[in-house]
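Trainee:
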């Protein structure tokens, strides 16, 4: 795909969109999702992998709670990828990812993902350019494996916030007692690398787009949640799933 | 690589090779392997994946016991791949393989492997031709991931026995009380599909040879063990491993 410039894409909801009306739509969609998930689980044919990426404080946790929080937890797994453990580092970078990929009937949420291996690692120059390139290819191979060999439908969301919105949210974490647990002084250091992260993301969008990315304007939570809920609903509807009949004896 | 015809390759040791002399060589090699494994573990940089494939009774278990049985078990893992479980079937065919791939410093033995997914499944026509082709490509991607992204050295051995030798060994299992536990009436049924298996193997050798296969004449155990021990030793020697120095404080 042609190079995509994040700076050209708004981080805000369309100006004319009515907030209350959209929130009501989201509620309707979430009700539909409940039934669709049940069908996904019962049919046991497809699976769904939702990749959530974005700068610090872009609202990944909120998506998990507010969009997927009402589904049947038996069919939903959430995996947060932090700095790899010693055991994980002793394997290829996709090893820890593959082992928690969704089985048929399941929805898997990745809070950060294998993309960190071409983002934070690149921005800090822990890996060289040749390695980044090799990893892009391996990521495409891996996503094709899940897609083509197990009917896994992958949705990749980039939560797109502005640097100003990020600064505001990070500062809020220092002041709101209910958010202080999230405060990490290091986030402010990382925020200084905004331009490097932006470039690394744009490069990942360009080279790993066989499974396409969705750029989600994320300055307003109500709009972000609507966009993601709708994308998930639309994906599941397209599968034309059916409840299996009685098994013949 | 050009198509390889198993029928053109001998299943026997070279006629002039002295059995006792070769067995003494194998003992020497196994002693070297002991030190090499120690180095592999200490250096924590590479790993080794040994794939053992072959018809029933081709001697895979014997290789594991006699070639790898003397190594330090802390750095050796053996995985036997049987019919997939329900959980495994709910994932892509490489999922169960990837999660037990060797971490740095380790030697992993696969008693059967991901190749069964283009062998038994193909011979029994549980999958169609298009799926076989797609799987060949996925296997190449996967082996490249391990090789290029984690310094995993993959050795793929086909234990090459003649149909006559197989019949003899299967019959022995019915008579020798120490081998009866291995007897499975179904093996005789599978043996009738010898030609189909041979063709499926030849096709896998042709299409999945980025990491090359070694065809091991395997009618005589002493020769088979010598060939494999030597290949493993030579691979490890080429790594030019070194004990790490003292870590700086």
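Protein chains in written order, with full-length UniProt numbering: chain G, 1 to 249; chain Y, 1 to 249. Every residue, glycine too, gets a C-beta built ideally from N, C-alpha and C. Computed from a predicted structure; not experimentally measured.
Could you work out which residue in Y:131, Y:143, Y:161 is closest to residue 198 of chain Y when comparing CA atoms only?
Mentor: Selected option, being the one with the closest Cα: Y:161.
Trainee: Buried or exposed: where does residue 47 of chain Y fall if 16 or more other Cβ atoms within 10 Å of its Cβ makes it buried?
Mentor: Classification for residue 47 of chain Y: buried.
Trainee: Going along the chain, which residues of its own chain have a beta-carbon closer than 7 Å to the beta-carbon of residue 78 of chain Y, five neighbours each way excluded?
Mentor: Excluding positions up to five away in sequence, the list reads 64, 109, 111.
Trainee: Within 10 angstroms of its Cβ, does residue 20 of chain G collect 16 or more other Cβ (buried), or is it exposed?
Mentor: Per the 10 Å Cβ criterion, exposed.
Trainee: In chain order, what residues of the stretch 133 to 157 of chain G put their CB closer than 7 Å to some CB of chain Y?
Mentor: Per Cβ criterion, the list reads 134, 138, 141, 145, 146, 148, 149, 150.
Trainee: Just checking: is the beta-carbon of residue 126 of chain G within a distance shorter than 8 Å of some beta-carbon in chain Y?
Mentor: Answer no: the Cβ-Cβ gap between residue 126 of chain G and chain Y never drops below 8 Å.
Trainee: Would you mind telling me which residues of chain G sit closer than 7 Å to residue 116 of chain Y, beta carbon to beta carbon, in chain order?
Mentor: Near residue 116 of chain Y there are no residues of chain G at all, since even the closest Cβ is about 15 Å away, more than 7 Å.
Trainee: Check each residue of the stretch 89 to 107 of chain G: if its Cβ is closer than 9 Å to any Cβ of chain Y, include it; give the result in chain order.
Mentor: Here the close residues are 89, 90, 91, 92, 93, 94, 95, 98, 99, 101, 102, 103, 104, 105, 106.
Trainee: Who are the neighbours of residue 87 of chain G on chain Y, taking C-beta pairs under 7 Å?
Mentor: Correct list: 103.
Trainee: Taking the Cβ atom as the reference point for each residue, do residue 233 of chain Y and residue 40 of chain Y lie within a distance shorter than 8 Å?
Mentor: Not a contact, by the Cβ cut-off of 8 Å.
Trainee: In whole angstroms, what separates the C-alpha of residue 6 of chain G from that of residue 202 of chain G?
Mentor: Residue 6 of chain G and residue 202 of chain G: Cα-Cα distance of roughly 7 Å.
Trainee: Going by DSSP in three states, residue 17 of chain G sits in which element: helix, strand or coil?
Mentor: Coil.
Trainee: When you compare the CB positions of residue 200 of chain Y and residue 149 of chain G, do they come within less than 8 Å of one another, or not?
Mentor: No; because the gap between Cβ atoms is not below 8 Å, this pair is not in contact.
Trainee: Would you report the Cα separation of residue 186 of chain Y and residue 60 of chain Y, rounded to the nearest angstrom?
Mentor: Using only the alpha carbons, I get a separation of about 18 Å.
Trainee: Around the C-beta of residue 126 of chain Y, are 16 or more other C-beta atoms found within 10 angstroms, so that it is buried, or is it exposed?
Mentor: Residue 126 of chain Y should be labelled exposed.
Trainee: Just the Cα atoms here: how many angstroms apart are residue 235 of chain G and residue 152 of chain G?
Mentor: Each residue's alpha carbon lies about 11 Å from the other.
Trainee: Enumerate in chain order the residues of its own chain whose CB-to-CB distance from residue 3 of chain Y is below 7 Å, with the five nearest sequence positions on each side excluded.
Mentor: Closer than 7 Å at the Cβ level, and outside the excluded window around residue 3 of chain Y, lie 202, 206.
Trainee: Exposed or buried, which one is residue 118 of chain Y when buried takes at least 16 other CB atoms within 10 Å?
Mentor: Buried, because 16 or more other Cβ atoms sit within 10 Å of the Cβ of residue 118 of chain Y.
Trainee: First and last residue of the alpha helix (DSSP H) that includes residue 139 of chain Y?
Mentor: 129 to 150 is the span of the alpha helix (DSSP H), which, as asked, contains residue 139 of chain Y.
Trainee: Can you tell me which residues form a DSSP beta bridge with residue 158 of chain G?
Mentor: According to DSSP, residue 158 of chain G bridges with G:53, G:215.
Trainee: At what residue ranges does the stretch 51 to 96 of chain G contain a whole run of the alpha helix (DSSP H), taking only runs of 4 or more?
Mentor: 60 to 68, 86 to 89, all fully within the stretch 51 to 96 of chain G.
Trainee: By how many angstroms is the C-alpha of residue 212 of chain G removed from the C-alpha of residue 240 of chain G?
Mentor: When rounded, the distance between both Cα atoms is 21 Å.
Trainee: In three-state DSSP terms, what is residue 9 of chain G?
Mentor: Coil, per DSSP.
Trainee: For the beta strand (DSSP E) that residue 109 of chain G lies in, which residues bound it at each end?
Mentor: Run containing residue 109 of chain G: 107 to 111, per the beta strand (DSSP E) assignment.
Trainee: Quick one: what's residue 48 of chain Y bridged to in DSSP?
Mentor: Residue 48 of chain Y is bridged to Y:107, Y:153.
Trainee: Taking only the alpha-carbon atoms, compute the straight-line gap between residue 204 of chain Y and residue 84 of chain G and give it to the nearest angstrom.
Mentor: If I take the Cα positions, the gap works out to 35 Å.
Trainee: Can you tell me whether DSSP reads residue 337 of chain Y as helix, strand or coil?
Mentor: The requested residue 337 of chain Y is not part of the displayed model; chain Y covers only 1 to 249.
Trainee: Among the residues of its own chain, which have a CB less than 7 Å from the CB of residue 13 of chain G, if the five just before and after it don't count?
Mentor: 217, 220, 223.
Trainee: Going by other Cβ atoms of all chains shown within 10 Å of its Cβ, with 16 needed for buried, is residue 115 of chain Y buried or exposed?
Mentor: Residue 115 of chain Y should be labelled buried.
Trainee: May I have the straight-line CA-CA distance separating residue 106 of chain G from residue 76 of chain G, to the nearest angstrom?
Mentor: Looking at the two C-alpha atoms, the distance is approximately 6 Å.
Trainee: Where does residue 124 of chain Y land, buried or exposed, given buried means 16+ other C-beta within 10 angstroms?
Mentor: The residue in question, residue 124 of chain Y, is exposed, as its Cβ has fewer than 16 Cβ neighbours within 10 Å.
Trainee: Please list the terminal residues of the continuous alpha helix (DSSP H) segment that includes residue 173 of chain Y.
Mentor: 163 to 175 is the extent of the alpha helix (DSSP H) around residue 173 of chain Y.
Trainee: Can you tell me which of the three DSSP states residue 243 of chain Y falls into?
Mentor: Residue 243 of chain Y falls in the coil class under three-state DSSP.
Trainee: Please state the DSSP three-state secondary structure of residue 192 of chain Y.
Mentor: Three-state DSSP puts residue 192 of chain Y in coil, outside helix and strand.
Trainee: Assign residue 69 of chain G to one of two classes, buried (16 or more other C-beta atoms within 10 Å of its C-beta) or exposed (fewer than that).
Mentor: Per the 10 Å Cβ criterion, exposed.
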